Amino acid sequence: MNTKFKTIFLGTLVAGSLVASAGPLLAWENWHGRHDNHRWTGIRRDMGNDRRDLRQDHAELARARRQLAFDRWHHAGRGRLAWDHQHIQDLLNDNHNDRRDLRWDRHEWFDWD
């Protein structure tokens, strides 16, 4: 009987000291890691949206350049060619802005506290 009591007492003492040493870790608010944080998932989602926008811009830019080549081949008017050039320039600006947004999100991703 005395041996069982000693075993239970010492087991409780060891388990209590292990739990007490893990206490500060459990008290730390970010102990579960960055992946479960809403800001973290928001940045990941935003990066995915920026990549999708970039792919769409590339596809639309390719279509606009094909349209410009088609219009040049078929001797379209100056107004139409000017519109094609302006459309391509607008798409290049959108592409630049999407790249800047993606670069900013990557900066947030790696500089996160």
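Going by this note's numbering, the letters in the sequence shown line up with residues -15 to 97, in that order.
Backbone N, C-alpha and C fix where the C-beta goes; we use that ideal spot for every residue, glycine too.
Bear in mind that the values here come from a model prediction, so they are computed numbers and not experimental data.
Please report the distance separating the alpha-carbon of residue i from that of residue j.
i	j	result
ASP55	ARG87	35 Å
ASP85	GLY0	50 Å
GLU44	LEU75	8 Å
ALA90	LEU(-3)	Note that residue 90 corresponds to Arg in the displayed sequence, not to Ala. Approximately 48 Å between the Cα atoms of the pair.
HIS19	HIS59	With a pLDDT of only 49 at HIS19, under the threshold of 50, the placement of this residue in the model should not be trusted; the figure read from the coordinates follows. Whole-angstrom Cα-Cα distance: 56 Å.
LEU38	ARG47	14 Å
HIS42	GLN70	16 Å
LYS(-10)	LEU2	18 Å
ASN33	ARG83	11 Å
MET31	ALA53	33 Å
ASP78	LEU65	20 Å
TRP57	HIS80	29 Å
ILE(-8)	ARG35	59 Å
Looking at C-alpha atoms only, which residue of the options is the closest neighbour of residue i?
i	options	result
ILE72	GLY63, TRP57, GLN51, ASP82	GLN51
ARG49	THR(-13), GLY61, ASN(-14), ASP68	ASP68
Could you confirm whether any beta carbon from chain D is found closer than 8 Å to the beta carbon of residue i?
i	result
PHE54	Included in the structure is just one protein chain, with no chain D present.
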